[in-house]
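Chemist: Quick one: this structure, given as structure tokens, is what I'll be asking you about.
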Amino acid sequence: PQTIYRKDYTPPAYLVDTVELGFDLDPETTIVASRLTMRRNPDSTEAGIELYGQNLKLVALRMNGATLREGDYRISSNVLRISKAPDQVTLEIETLTSPAQNTTLNGLYVSNGNFFTQCEAEGFRCITYFPDRPDVMAKYTVMLRADKQKYPVLLSNGNLVEAGDLPDGRHYAKWEDPFKKPSYLFALVAARLVCQEETFKLMDGRDALLQVWVEDGNLDKTDYAMQSLKNSIRWDEERFGLELDLDRFMIVAVSDFNMGAMENKGLNIFNTKFVLANSRVATDVDYAGIEAVVGHEYFHNWTGNRVTCRDWFQLSLKEGLTVFRDQEFSADMIGTDSGRAVTRIEQVRTLRQAQFPEDAGPMAHPVRPDSFVEINNFYTVTVYEKGAEVVRMYQTLLGRDGFRKGMDLYFKRHDEQAVECDDFRAAMADANGRDLAQFERWYSQAGTPVLTASGKYDARWLTFELTLSQSCPATPGQPDKLPFHIPVAVGLLGADGKDLPLTVGGKQHGGTAVLELTEASQVFRFTGVKEEPTPSILRDFSAPVVLNYPYTDDELLHLFSHDSDPVNRWEAGQRLAMERLLKLTAASAHGSKQELDDTFIEAMRKILVDESLDAAFRENALLLPSETMVAEQMEVVDPQAIHRARQFMRRVIGERLRADLHAQYDANLTPGDYSPDAISAGKRGLKNIALAYLSAAPDEHSDALARRQFDEAGNMTDRVAALVSLIHSESAGAALALEKFYDEFDNEALVIDKWFAMQAAAPGTDVAMVRSLMRHPAFTLKNPNRARSLLFNFANGNPAQFHAPDGSGYAYWAEQVMALDKLNPQVAARLARSMDRWRRYSPALQAQMKTALQKVAGAPKLSNDVTEVITKALS
Ligand code: HT7
Ligand code: ZN
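Count along the sequence shown from 1, add 5, and you get the number used in the UniProt record's numbering.
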């Protein structure tokens with residue numbers, strides 16, 4: 006396969022002003038007719054017209070009314086070239102496609118008998134020949150024709166301008182999108198669906214029609230998505246002054262979908278997972294996911310749609326920014342400082358769990374990649390989550406007001422344009438009169454920077470010198486790195502645990518100073534420091550870096566008890582836990598005695614019982630670093646020893662804190678009607694982590710508690726938590742509970758996904774059991790949610806079993822990657838990523854992993870998607 010480089014970008018030879026599309030929809034053969042008005046691009050030096058097309062049958066091609074024959078145009082490698090064309094062109098193209106045969110869920114496809122499209126990144130070329138690149142923006146008019154009985158609802162982007170009946174039981178609908186857009190934002194839906202709708206008053210007084218479309222039978226699960234949509238619209242008006250620019254905004258739920266959702270202009274298409282919720286079927290985490298994803302897609306309407314990307318290397322321009330916006334939205338929806346901190350802690354956990362490993366592995370790439378084989382492989386945690394951290398750093402450096410000024414200038418300069426990450430940085434710099442040239446390295450250099458800090462207190466001069474140094478490990482293709490511009494938020498704690506007043510470089514700060522590290526090493530001198538402080542460094546996780554500071558246990562305990570910054574307070578607890586987990590893992594590997602000190606247990610107890618802290622914070626502080634995070638800290642990963650160590654720690658905490666865990670369980674019940682609000686969800690979180698610890702040290706009482714919670718749960722959060730506790734403690738009641746759970750929810754696909762997921766991640770589930778779950782009648786590889794629930798949760802969420810010493814997990818992984826690749830390369834490539842870190846295991850495991858990787862590499866007709874991932878892993 007061919008590698009595409011960012012440096013090779015050239016502007017398109019022709020621009021498209023208008024696109025008229027006609028669809029005669031039929032699952033077997035859909036006829037697509039398109040009429041494009043095009044003109045030569047004055048910024049291009051290239052001559053001919055280039056249209057992309059994939060898996061299409063070309064029926065007719067006319068230029069300015071004259072039929073073109075082979076020779077007038079050439080098709081090779083999915084590109085149709087017309088080398089001689091006048092400056093102004095009307096192209097008419099007729100193609101055929103087979104949506105029912107399309108299992109890739111890319112382009113036009115059928116799900117549950119309904120038609121949907123997915124065009125990002127390069128799906129539009131599977132619908133018709135087109136200059137399918139994001140810097141070609143045009144106005145679209147779309148005519149849909151389909152059987153009226155089977156597909157009563159016909160939707161596309163923008164406004165409905167006409168609808169009516171046709172002969173032979175067919176009908177039509179004509180849609181017009183008033184805004185220019187790139188082809189990846191095109192969408193259509195032709196389906197039997199129902200909707201919840203509302204009119205909503207916008208900031209300027211206009212009414213907008215909001216609709217959430219779902220399959221019949223799911224209208225009892227659309228309230229939360231609708232509420233989240235209304236909250237998103239209001240939030241964007243208030244925080245950024247950005248208004249909905251359409252009269253109508255639609256969300257459509259589909260059960261077969263490769264990702265979370267898609268921001269097509271005015272017609273967002275969502276994975277059902279991020280739309281459908283009621284207390285019976287959805288957990289608190291599901292509700293939070295719906296709010297975040299509805300917000301995310303809505304916010305794309307400005308950051309992505311009105312201002313889009315020049316090319317796909319700029320993907321983080323829209324994704325990093327929009328993730329940052331959805332994170333801020335979710336935090337603002339909670340509304341309290343402590344709630345905001347909990348959302349930040351969850352973001353840090355995601356980064357460490359997924360992005361730091363990516364940055365240290367064979368697929369490491371900058372936030373703005375320099376090359377790719379398959380763009381679908383670059384919808385990554387680096388582009389999204391690290392990209393969001395990069396955007397967050399602008400706000401940390403410039404302040405909220407400065408950030409808003411930058412956003413305003415960005416829209417003023419670039420509305421309805423396709424631009425680059427550099428344009429965003431320039432808007433931030435220019436709006437604030439700042440030089441952000443060095444900040445560019447966050448976009449161009451891959452790898453997680455390491456920030457090394459050391460402190461020196463001088464009691465005579467009352468100074469505290471903080472030395473900050475930075476380095477960044479080599480990544481593929483980037484052996485050497487230059488220093489980053491890193492905002493480092495710092496506080497100094499006194500012996501009483503309070504923040505000391507800060508003066509640094511002659512400038513006074515409140516309790517926190519944002520230091521700007523721009524060189525390889527710098528010394529920051531705090532003056533007037535009346536006592537030897539404990540430094541709290543990288544508050545609120547002010548930069549996506551690894552911090553090394555030689556903290557003593559006492560210092561960490563001090564921070565864990567007192568830090569006014571909740572993120573660093575949590576962080577101190579994580580450091581205390583991680584140190585112990587690593588020691589326990591080593592002990593377990595060597596067969597020596599495992600021991601856990603009282604000091605740590607007491608620190609955990611103090612947090613558990615401190616009712617001045619939010620329940621959600623306490624839950625997070627009690628949650629141990631995951632097995633994956635421990636693995637990332639080890640030179641040679643021993644998955645079974647890590648698992649034993651973590652289980653041991655959970656059991657000891659359960660035994661030693663038993664009485665307090667029971668007391669907190671009782672104190673955090675949420676009787677009455679279910680509400681997904683943050684306070685109630687936090688209480689459930691704390692109560693359920695208490696249950697999990699109790700079940701890790703099972704006695705009769707805790708088993709009865711889990712069984713009772715399972716039987717009496719009034720919501721899915723409590724039901725799942727109880728069932729997980731029963732399964733993980735290998736309770737005699739687990740099998741029956743699983744059976745009851747299945748029977749009660751066998752009509753709810755998203756709940757059956759949970760049923761598979763819980764079993765896949767259970768410590769007792771080995772490869773043989775996963776294989777037998779695959780034979781369950783409810784299992785199918787064709788549905789990505791179902792495939793993820795079993796295969797991905799096993800490969801990524803059950804490391805001790807997946808890395809079984811006999812290599813059975815790897816052999817299974819290879820089989821499934823190859824099987825999935827035949828159906829859906831995008832999803833297969835995601836599963837292929839589970840083997841990224843194979844070089845970090847023992848030689849015996851490495852050898853078996855390599856064999857599995859080579860097996861996939863040698864499979865016939867492997868997609869570009871999987872080929873890229875496997876080739877990079879093996880290189
Ligand atoms: N912008 C959307 C990306 C997306 C996508 C990408 C590749 C393949 C399928 C896809 N579905 C959605 C989602 C988002 O970030 O909002
Ligand atoms: Zn997005």
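By construction, the Cβ of each residue, glycine as well, lies at the ideal position given by its N, Cα and C atoms.
Please read these numbers as outputs of a predicted model, since none were measured by experiment.
#1: Put N69 into one of helix, strand or coil per three-state DSSP.
#2: How should V286 be labelled, buried or exposed, when 16 other C-beta atoms within 10 angstroms of its C-beta is the threshold for buried?
#3: Taking contact to mean at least 3 C-beta pairs separated by less than 8 Å, is the segment 36-52 in contact with the segment 73-81?
#4: Flag this pair as yes or no: are the beta carbons of A767 and H733 separated by less than 9 Å?
#5: Taking 8 Å as the threshold, find out whether the segment 438-445 comes into contact with the segment 159-170 through three or more Cβ pairs.
#6: Measuring straight from C-alpha to C-alpha, what distance separates L522 and P187?
#7: For a test of the three-state rule: what should DSSP assign to E470, helix, strand or coil?
#8: Quick check on S476: does DSSP put it in helix, strand or coil?
#9: On the CB-based measure, 16 or more other CB atoms within 10 Å of its CB, does R74 come out buried or exposed?
#10: Measure from the alpha carbon of Q645 to the alpha carbon of each residue in L356, L193 and H808, then state which is nearest.
#11: Is M639 helix, strand or coil when you go by DSSP?
#12: Which residues in the same chain as E425 place their Cβ atom closer than 6 Å to its Cβ, once the five residues preceding and following it in sequence are excluded?
#13: Go to S816, then tell me how far its alpha helix (DSSP H) extends in each direction, as first and last residue.
#14: Hey, quick one: how far does the alpha helix (DSSP H) through H567 stretch, first residue to last?
#15: Under 9 Å, do V280 and V219 count as touching if we go by C-beta distance?
#16: Using a threshold of 8 Å, is the CB atom of E394 nearer than that to any non-hydrogen atom of the ligand ZN?
#17: Can Q123 be considered in contact with the ligand HT7, in the sense that its beta carbon sits closer than 8 Å to one or more heavy atoms?
#18: Quick one, are the C-beta atoms of A650 and L561 less than 9 Å apart?
#19: Under 5 Å from any heavy atom of the ligand ZN, by CB: list those residues in chain order, please.
#20: Using 8 Å for Cβ pairs, my map puts Y679 next to S39. What's the rounded Cβ distance?
#21: Could you name the residues that DSSP lists as bridge partners for C200?
#22: Note down the Cα distance separating P139 from G309, rounded to an integer number of angstroms.
#23: Looking at Y698: is its Cβ nearer than 9 Å to the Cβ of G659?
#24: Can you tell which of A494, V495, G533 and V158 has its C-alpha closest to the C-alpha of G511?
#25: Measure the C-alpha to C-alpha separation of V94 and L795 and round it to an integer number of angstroms.
#26: Applying the 10 Å Cβ sphere with the 16-neighbour rule, what's the burial state of N625?
#27: Give me whichever residues DSSP pairs with I256 in a beta bridge.
#28: List the endpoints of the continuous beta strand (DSSP E) containing L96.
#29: May I have a chain-ordered list of the alpha helix (DSSP H) segments no shorter than 4 residues that lie completely inside the segment 267-339?
#30: Following a CB-centred definition, is H301 positioned closer than 8 Å to any heavy atom of the ligand HT7?
#31: Residues in the same chain with beta-carbon distance under 8 Å from E351, minus the five sequence neighbours each way, listed in chain order, please.
#32: Which parts of the segment 720-808 are runs of the alpha helix (DSSP H), unbroken and 4 residues or longer, counting only runs that do not cross its ends?
#33: With a threshold of 7 Å on Cβ separation, who are the neighbours of K206 within its own chain once the five nearest residues in sequence on each side are excluded?
#34: Three or more C-beta pairs under 8 Å: does that hold for the segment 403-412 against the segment 364-380?
#35: So, for D485: in the same chain, excluding its five sequence neighbours on each side, which residues have a beta-carbon less than 8 Å away from its beta-carbon?
#36: Suppose the cutoff is 6 Å on Cβ atoms and the five residues either side in sequence are ignored; what does the same chain contact list for D619 look like?
Modeler: With the structure as the only source:
#1: The answer is coil: DSSP assigns N69 none of H, G, I, E or B.
#2: Within a 10 Å sphere around the beta-carbon of V286 sit 16 or more other beta-carbons, which makes this residue buried.
#3: The segment 36-52 vs the segment 73-81: no contact.
#4: Closer than 9 Å, so yes.
#5: Taking a cut-off of 8 Å for Cβ pairs, the segment 438-445 and the segment 159-170 do not touch, as fewer than three such pairs fall below it.
#6: Approximately 39 Å between the Cα atoms of the pair.
#7: Strand, per DSSP.
#8: If DSSP states are grouped into helix, strand and coil, S476 belongs with the strands.
#9: So R74 ends up on the exposed side.
#10: Looking at the Cα atoms, H808 is the closest of the given residues.
#11: Coil.
#12: If you ignore the 5 residues before and after E425, its C-beta comes within less than 6 Å of the C-beta of R315 and Q319, all in its own chain and listed in chain order.
#13: The question names Ser, but residue 816 in the sequence shown is Ala. Annotation: the continuous alpha helix (DSSP H) that includes A816 extends over S813 to L828.
#14: According to the DSSP assignment, H567 belongs to the alpha helix (DSSP H) that extends over D558 to H567.
#15: Yes; because the gap between Cβ atoms is below 9 Å, this pair is in contact.
#16: Incorrect: E394 has no Cβ contact closer than 8 Å to the ligand ZN.
#17: Yes, the Cβ of Q123 comes within 8 Å of a heavy atom of the ligand HT7.
#18: A650 is not a Cβ neighbour of L561, given a cutoff of 9 Å.
#19: Result: E324 and T327.
#20: About 49 Å separates the two Cβ atoms, so there is no contact after all.
#21: Beta-bridge pairing links C200 to W218.
#22: P139 and G309: Cα-Cα distance of roughly 10 Å.
#23: The answer is yes: Cβ separation under 9 Å.
#24: With distances taken between Cα atoms, G511 lies closest to G533.
#25: Straight-line Cα distance between these residues: approximately 51 Å.
#26: Buried: at least 16 other Cβ atoms inside 10 Å.
#27: Its beta-bridge partners are V217 and N273.
#28: It spans Q93 to T102 - the beta strand (DSSP E) in which L96 sits, taken as one unbroken run.
#29: At a cut-off of 4 residues, the continuous stretches assigned as alpha helix (DSSP H) that sit fully inside the segment 267-339 are 289-304 and 320-339.
#30: The ligand HT7 approaches H301 closely enough that one of its heavy atoms is under 8 Å from the residue's Cβ.
#31: Hits under 8 Å: N625.
#32: Fully enclosed alpha helix (DSSP H) runs of 4 or longer: 721-733, 739-750, 754-765, 772-779, 789-792, 798-802 and 804-807.
#33: Once the five neighbours on either side are set aside, the close Cβ partners of K206 are D212.
#34: No: the two stretches stay apart, fewer than three of their Cβ pairs being nearer than 8 Å.
#35: Once the five neighbours on either side are set aside, the close Cβ partners of D485 are A479.
#36: Excluding sequence positions up to five before and after D619, its CB lies within less than 6 Å of the CB of S343 and G687, all in the same chain and listed in chain order.
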